[in-house]
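Novice: Protein sequence lines, in the order shown, are assigned to chains U, P, F and B.
Take 0 as the starting number for the first sequence in numbering that gives the first Met the number 0 and just add one per residue.
Take 0 as the starting number for the second sequence in numbering that gives the first Met the number 0 and just add one per residue.
Take 0 as the starting number for the third sequence in numbering that gives the first Met the number 0 and just add one per residue.
Take 0 as the starting number for the fourth sequence in numbering that gives the first Met the number 0 and just add one per residue.
Please find one structure pasted underneath; my questions will follow.
There are 4 protein chains.
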Amino acid sequence: MPAPADFEAFREIAEQVNNWGRWGDDDEIGTLNLITPEGVREAAATVRSGRRLSLALPLQQQGVQSGLIPGRTNPLHTMTALNWEMFGPGAVATSDDTVTMGLQAATHWDGLGHVSHGNRIYNNRPADAALTAHEGALRSGIEKPGPVLGRGVLLDVARARGVGRLPPGHVVTPDDLDAAQELARTRVRAGDIVLVRTGQIQLYLGGDREAYAFPSPGLSLHTPAWFHARDVAAVADDTLTFEVFPPEIDGLFLPVHALDLVEMGMMQGQNWNLEALAADCAEDGRYAFLLSAPPEPFTGGVGAPVVPVAVK
Amino acid sequence: MPAPADFEAFREIAEQVNNWGRWGDDDEIGTLNLITPEGVREAAATVRSGRRLSLALPLQQQGVQSGLIPGRTNPLHTMTALNWEMFGPGAVATSDDTVTMGLQAATHWDGLGHVSHGNRIYNNRPADAALTAHEGALRSGIEKPGPVLGRGVLLDVARARGVGRLPPGHVVTPDDLDAAQELARTRVRAGDIVLVRTGQIQLYLGGDREAYAFPSPGLSLHTPAWFHARDVAAVADDTLTFEVFPPEIDGLFLPVHALDLVEMGMMQGQNWNLEALAADCAEDGRYAFLLSAPPEPFTGGVGAPVVPVAVK
Amino acid sequence: MPAPADFEAFREIAEQVNNWGRWGDDDEIGTLNLITPEGVREAAATVRSGRRLSLALPLQQQGVQSGLIPGRTNPLHTMTALNWEMFGPGAVATSDDTVTMGLQAATHWDGLGHVSHGNRIYNNRPADAALTAHEGALRSGIEKPGPVLGRGVLLDVARARGVGRLPPGHVVTPDDLDAAQELARTRVRAGDIVLVRTGQIQLYLGGDREAYAFPSPGLSLHTPAWFHARDVAAVADDTLTFEVFPPEIDGLFLPVHALDLVEMGMMQGQNWNLEALAADCAEDGRYAFLLSAPPEPFTGGVGAPVVPVAVK
Amino acid sequence: MPAPADFEAFREIAEQVNNWGRWGDDDEIGTLNLITPEGVREAAATVRSGRRLSLALPLQQQGVQSGLIPGRTNPLHTMTALNWEMFGPGAVATSDDTVTMGLQAATHWDGLGHVSHGNRIYNNRPADAALTAHEGALRSGIEKPGPVLGRGVLLDVARARGVGRLPPGHVVTPDDLDAAQELARTRVRAGDIVLVRTGQIQLYLGGDREAYAFPSPGLSLHTPAWFHARDVAAVADDTLTFEVFPPEIDGLFLPVHALDLVEMGMMQGQNWNLEALAADCAEDGRYAFLLSAPPEPFTGGVGAPVVPVAVK
């Protein structure tokens with residue numbers, strides 16, 4: 000199996016977008032450093048209607064995982080107490096519950112420790128030392144980003160291309176992003192959190208999780224350079240694989256993951272439900288908003304559920 | 000064991016604060032209805048510095064649960080893949096993880112299904128029908144509230160009372176809330192999310208989770224009327240039990256839970272880390288802020304983890 | 000939906016096989032009472048070759064559960080430590096692991112609390128009192144049977160009927176059991192643990208768990224009377240559903256479960272891999288053996304994994 | 000931290016007891032090879048009374064784990080269905096349950112992959128290749144032993160030394176084993192499964208799991224040679240740590256684990272409840288019996304729960 004670095008196209012982009020050392024050798028959060036207090040103030044200033052939209056899928060056994068990704072289980076929710084009169088008959092009764100789930104099972108962020116190549120994770124750290132079975136990610140764990148919140152911009156590629164949903168296998172290119180930015184009538188800028196809509200999640204919402212999973216439209220390996228040029232803080236989309244799958248180049252698997260997470264140090268969001276947000280943006284013509292999307296801070300996690308909230 | 004309704008004090012307050020039917024017989028979210036678009040706009044307008052603060056504890060095995068609450072387990076985080084070259088040697092390697100945890104184990108919201116009394120949950124629904132072993136809460140599940148976000152107000156009772164931390168067993172009274180509101184130089188109003196600081200969580204942060212758990216300062220059974228009078232949307236504090244424990248009245252367990260969750264239909268937050276926020280508010284004298292605190296939407300959940308983010 | 004008791008066929012058999020009160024009102028283990036020390040001695044005396052055979056499927060993510068039975072998850076096995084030098088570099092390294100699984104996910108026993116009808120479990124106990132969300136089965140929990148061990152008899156129905164595997168939907172009748180007993184050249188007697196082979200598990204072993212699950216050959220609602228007449232202690236087979244599925248009588252679901260578990264108080268085993276045992280028995284012509292099959296004693300469990308071992 | 004091989008005492012014993020290559024380079028089960036069909040027949044022949052005794056602790060939240068061993072959680076048992084009328088009102092109702100637990104949380108076998116030293120597990124395999132995060136133990140996984148069953152011998156050291164329970168920290172020496180063998184009036188021979196009783200588990204049974212855990216009596220690093228000389232197949236005892244803890248030699252942690260599991264390839268059992276068995280043996284004077292103790296076959300597991308059954 001060739002390594003990513005065996006592909007010249009990959010090597011060139013990797014060199015171009017690499018952020019190792021940019022925020023110091025101790026940095027563990029990468030492009031999230033690009034969110035500034037000023038950017039947060041500007042994000043708050045985008046709020047006009049006071050409408051709030053959640054971009055999270057419900058967490059349930061009938062989630063998006065179809066068994067294709069080994070070990071990534073949908074939430075198994077069970078009750079540990081049910082109207083339990085802990086203090087005696089007649090007293091206040093309590094109900095409690097517990098869950099087992101893959102941290103990347105539903106609407107989630109990929110942490111920077113989620114992938115490595117050439118035994119390296121972000122900031123040139125050896126993957127075999129940074130990632131441990133006992134404690135998970137010792138560096139760039141998902142507890143490190145903290146309160147991810149800033150200006151969100153929706154790039155509705157499907158709408159910009161005049162379709163309700165991009166076809167399976169559609170490669171979302173920089174041209175697609177340009178077209179969607181045009182539609183959005185705003186310019187993506189430093190510290191923005193960019194949401195890319197393909198419409199693919201309609202398949203899951205319609206009941207077909209196998210079709211949702213694969214084949215999938217998704218981001219091209221040329222998009223990291225687009226994001227890098229604009230100093231984007233993080234990117235999320237509405238697919239299971241984030242990048243197009245099957246991949247663009249034969250034998251080169253997960254190049255976008257490697258470029259975003261390892262080279263740039265930029266978190267990726269997957270399985271975000273952008274449908275209601277897209278409808279709202281289409282209606283009022285405003286594609287920028289305040290976005291709050293802090294990952295659940297699992298110590299050592301390489302990914303985490305998130306409930307993204309857009310405020311317009 | 001006497002029922003809550005056997006206590007006259009409880010009955011009187013329950014009658015006073017009851018919200019059943021107020022938002023219609025079908026309502027499942029109670030006082031969250033009090034958050035309005037206008038309130039959200041005002042919340043966004045409080046943002047001045049652009050500082051963001053997370054109020055969530057890290058999710059880890061060494062969490063706040065000490066075993067006292069049966070079945071409420073701290074997060075058990077394990078790796079299902081570790082630098083796994085799924086696509087062959089040399090290819091991009093992935094790491095994945097999974098978790099088992101009590102939904103109310105760490106920084107969380109109590110959903111309206113968490114407690115019942117007299118076989119009733121919020122809005123006069125029979126508890127034994129609304130709560131099921133197989134599907135959890137059929138009504139008022141924690142997936143219903145959606146994007147909880149609005150104006151947050153910190154009532155720093157410890158600071159208002161001139162101490163770093165309220166003593167174990169201290170009953171937080173309406174007078175205490177008045178004093179903290181005075182300190183905050185804002186008036187709590189309809190739709191606010193109120194955060195009450197006791198300082199108790201310092202014990203956990205200092206390494207003593209047994210002392211943190213019990214005995215604990217916490218809210219008095221007279222505080223629901225205070226919140227009700229101001230049409231507060233939700234309340235959270237920095238303790239394990241939320242209300243004072245052991246209880247104020249001998250034999251009357253969890254009266255505040257019963258009044259807030261069942262009678263008013265008002266969510267409660269527990270184990271919120273308010274220390275950094277309190278320091279920030281003390282420094283700039285501003286105790287109101289934008290607060291985003293959507294619960295993880297577990298279908299049928301009676302509680303859920305949350306990563307509250309305050310923006311100032 | 001008609002109740003089982005609405006069917007005359009069911010009512011008649013239920014009356015015939017009912018064991019409530021037979022071993023006293025406090026009894027929780029039913030027909031396991033029929034295993035006697037003398038029977039155990041006779042079982043030990045069947046051992047001649049010293050060959051040991053495990054009848055358990057491996058416990059793994061790719062187990063027999065295909066998602067059809069809600070919440071019954073295949074084992075999710077993860078490492079909590081991996082070559083971890085807990086005591087410092089160079090010291091002995093330890094590895095540890097954890098699992099989440101449905102107790103009835105793989106080779107298992109149904110406990111007597113697994114099903115109820117007319118709100119009754121075995122020995123006339125109200126199901127809604129005996130089974131609780133917080134503590135599971137307060138009566139007839141799977142920790143009660145203890146060391147299930149006695150004489151096992153293989154009834155190889157497939158072989159007796161001259162096929163390698165019974166066709167999907169084949170109803171295993173008392174005649175089938177008679178034919179298999181004939182083949183076995185032994186008479187089933189009081190205290191025996193009977194293993195009924197259909198061959199269905201070959202489908203799972205061959206990689207097709209959907210076909211394994213459904214439609215399935217299995218026991219007829221007339222077999223409980225056959226087992227009752229012989230005072231069998233327990234019965235297991237090599238299918239997911241134990242009884243034939245879809246059911247024999249339209250609208251009468253799980254009648255065998257109701258008769259065996261509720262009326263007789265007889266545990267049922269499912270997903271037992273009888274292939275190697277059947278080959279061994281066919282070769283030496285001996286179908287009786289020592290069988291050890293204690294359920295994992297989960298307190299309050301309504302089922303449990305088991306590693307049945309036959310010794311010949 | 001010195002490595003085990005830095006201690007001369009360890010090196011000498013390791014050389015003496017090493018079994019690498021003894022059953023071929025492909026062997027994964029070590030001393031279990033010593034159980035022969037003839038031995039099994041002899042074990043069956045020890046059965047006289049037909050009494051059966053389970054040596055397993057109940058699996059429950061209040062188990063032996065006190066939190067000292069990171070990630071090794073007591074069983075968390077929850078219901079996924081509770082009297083659920085899956086097929087409609089009135090139909091047969093089912094209850095189902097699920098569990099999350101450390102595989103070595105309760106009465107269990109250590110698999111041969113549980114520890115390594117010098118990056119080696121049993122049979123000279125590199126630990127870092129044999130043990131993986133994604134699939135667990137690729138070699139010597141706990142699914143490999145299969146139907147562990149043979150002659151069991153109880154060595155009741157506590158009784159032989161005239162006490163009900165050995166004191167905390169008592170080092171069980173070869174002399175102790177000799178004395179217990181004398182008491183047992185049988186000679187330990189090739190293929191036997193030896194159970195060593197200290198009485199320590201009385202502390203857990205009496206409600207004090209902290210005292211049970213530590214300090215603990217247990218086996219000396221000189222006992223592996225005793226077992227090796229007799230070609231014992233496996234050894235279990237009634238403590239949490241198996242070997243004496245704190246250790247005999249300052250700075251040499253888990254030497255018995257390293258000698259038994261890595262050098263000899265001999266499984267170890269822990270948390271076995273030997274109390275009832277000991278009473279029975281003392282009463283009839285017979286310390287040898289048929290023992291069935293197959294580990295739950297978790298694919299890739301480094302340990303597994305077991306329900307040991309002794310038949311006398």
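Ideal Cβ placement from N, Cα and C applies to all residues, glycine included.
Given this structure, state the Cα-to-Cα distance separating B/Gly-151 from B/Gly-38, to the nearest angstrom.
Specialist: B/Gly-151 and B/Gly-38: Cα-Cα distance of roughly 11 Å.
Novice: With a threshold of 8 Å, are at least 3 pairs of Cβ atoms found where one atom belongs to the segment 185-203 of chain U and the other to the segment 137-155 of chain U?
Specialist: Result yes; three or more Cβ-Cβ pairs closer than 8 Å.
Novice: Looking at P/Ala-132: is its Cβ nearer than 8 Å to the Cβ of B/Ala-4?
Specialist: No; because the gap between Cβ atoms is not below 8 Å, this pair is not in contact.
Novice: Using a C-beta cutoff of 8 Å, does F/His-256 count as contacting chain B?
Specialist: So yes, F/His-256 belongs to the interface.
Novice: Could you give the residue range of the beta strand (DSSP E) that holds F/Gln-269?
Specialist: It spans 267-269 - the beta strand (DSSP E) in which F/Gln-269 sits, taken as one unbroken run.
Novice: Tell me whether U/Met-263 sits in a helix, a strand or coil according to DSSP, three-state version.
Specialist: The answer is helix: DSSP assigns U/Met-263 an H, G or I state.
Novice: Three-state secondary structure (DSSP) at F/Leu-204?
Specialist: If DSSP states are grouped into helix, strand and coil, F/Leu-204 belongs with the helices.
Novice: Consider the Cβ of P/Ala-235: report whether some Cβ of chain U lies at a distance smaller than 8 Å.
Specialist: No, P/Ala-235 lies away from the interface with chain U (no Cβ there is under 8 Å from its Cβ).
Novice: Would you list the residues sitting across from U/Leu-137 in a DSSP beta bridge?
Specialist: DSSP lists no partner for U/Leu-137.
Novice: So who's on the other strand from P/Pro-125, going by DSSP bridges?
Specialist: Paired residues: P/Arg-119.
Novice: Pull out every residue of the segment 73-90 of chain B whose Cβ sits closer than 7 Å to any Cβ of chain F, in chain order.
Specialist: So the list reads Pro-74, His-76, Met-78, Thr-79, Ala-80, Leu-81, Asn-82, Phe-86, Gly-87, Pro-88, Gly-89 and Ala-90, given in the order they occur along the chain.
Novice: Residues in its own chain within less than 7 Å of P/Thr-93 by CB, not counting five upstream and five downstream?
Specialist: Ala-80, Trp-83 and Met-85.
Novice: Do U/Arg-71 and U/Gly-312 come within 8 Å of each other at the CB atom, strictly closer than that value?
Specialist: There is simply no residue 312 of chain U to check, as chain U begins at 0 and stops at 311 in what is shown.
Novice: Would the beta-carbon of U/Ala-275 fall within 8 Å of that of U/Leu-56?
Specialist: Their beta carbons are not under 8 Å apart, which means U/Ala-275 does not touch U/Leu-56 by this criterion.
Novice: With a threshold of 8 Å between beta-carbons, can P/Leu-67 be considered close to chain C, or not?
Specialist: In summary, chain C is missing from the structure at hand, where the protein chains are U, P, F and B.
Novice: How many Å lie between P/Glu-262 and P/Leu-218 at the Cα?
Specialist: When rounded, the distance between both Cα atoms is 16 Å.
Novice: State whether the segment 232-241 of chain P contacts the segment 268-285 of chain P, with contact taken as three or more CB pairs (one from each stretch) at a distance under 8 Å.
Specialist: The segment 232-241 of chain P, when compared against the segment 268-285 of chain P, does touch it at the 8 Å Cβ threshold.
Novice: With DSSP as the reference, please indicate the residues paired to B/Asp-96 in a beta bridge.
Specialist: BP columns for B/Asp-96 point to B/Met-78.
Novice: Which term fits B/Gly-163, buried or exposed, when burial requires 16 or more other beta carbons within 10 angstroms of its beta carbon?
Specialist: By the neighbour-count rule (16 or more Cβ atoms within 10 Å), B/Gly-163 is not buried but exposed.
Novice: My understanding is that P/His-113 touches P/Pro-173, with C-beta atoms under 8 Å, so please give their C-beta distance in whole angstroms.
Specialist: So it is not a contact: roughly 24 Å between Cβ atoms.
Novice: P/Ile-248: buried (16+ other C-beta within 10 angstroms of its C-beta) or exposed?
Specialist: When all chains shown are included, P/Ile-248 counts as exposed.
Novice: Is it true that the CB of P/Val-231 sits closer than 8 Å to the CB of P/Thr-45?
Specialist: Contact flag unset, no.
Novice: Spatial neighbours of U/Gln-15 within its chain, please: C-beta separation below 6 Å, excluding the five flanking residues on both sides.
Specialist: Taken in chain order, the residues that qualify are Ala-224.
Novice: Confirm, please, whether the CB-CB distance from U/Ala-104 to U/Gly-62 is below 8 Å.
Specialist: Yes, Cβ-Cβ distance for U/Gly-62 and U/Ala-104 is below 8 Å.
Novice: With a threshold of 16 other CB atoms inside 10 Å of the CB of U/Met-0, please say whether the residue is buried or exposed.
Specialist: U/Met-0 is exposed by the Cβ-count criterion.
Novice: What is the residue span of the alpha helix (DSSP H) that F/Val-16 lies within?
Specialist: Counting along the chain, the alpha helix (DSSP H) containing F/Val-16 begins and ends at 7-16.
Novice: Cα-Cα, which of P/Ala-159, P/Pro-144 and P/Tyr-203 is closest to P/Tyr-286?
Specialist: Of the listed residues, the one whose Cα sits closest to P/Tyr-286 is P/Ala-159.
Novice: Taking just the CA atoms, how far does U/Pro-304 sit from B/Gly-49?
Specialist: Computed Cα separation, rounded: 55 Å.
Novice: Would U/Ser-291 count as contacting chain P if we go by Cβ distances under 8 Å?
Specialist: Interface residue, yes.
Novice: Find the nearest neighbour of B/Val-91 within the set F/Ser-291, F/His-256 and F/Asn-270, judged by alpha-carbon distance.
Specialist: The candidate whose alpha carbon is nearest that of B/Val-91 is F/His-256.
Novice: At what residues does the alpha helix (DSSP H) containing U/Arg-51 begin and finish?
Specialist: Careful: U/Arg-51 lies outside any alpha helix (DSSP H), inside the beta strand (DSSP E) at 51-53.
Novice: Given a threshold of 16 other Cβ atoms within 10 Å of its Cβ, counted over all protein chains shown, does U/Pro-294 qualify as buried or as exposed?
Specialist: Result: buried.
Novice: Alpha carbon to alpha carbon, what distance is there between B/Leu-148 and U/Pro-166?
Specialist: Their backbone Cα atoms lie some 58 Å apart in a straight line.
Novice: Per DSSP, what kind of secondary structure is B/Pro-214 in: helix, strand or coil?
Specialist: Residue state, collapsed to three classes: coil.
Novice: First and last residue of the alpha helix (DSSP H) that includes P/Trp-108?
Specialist: Run containing P/Trp-108: none in the alpha helix (DSSP H); it sits in the beta strand (DSSP E), 107-109.
Novice: Quick one: is B/Thr-238 near chain P, going by C-beta distance under 8 Å?
Specialist: For B/Thr-238, the answer is no, since every Cβ of chain P falls outside 8 Å of its Cβ.
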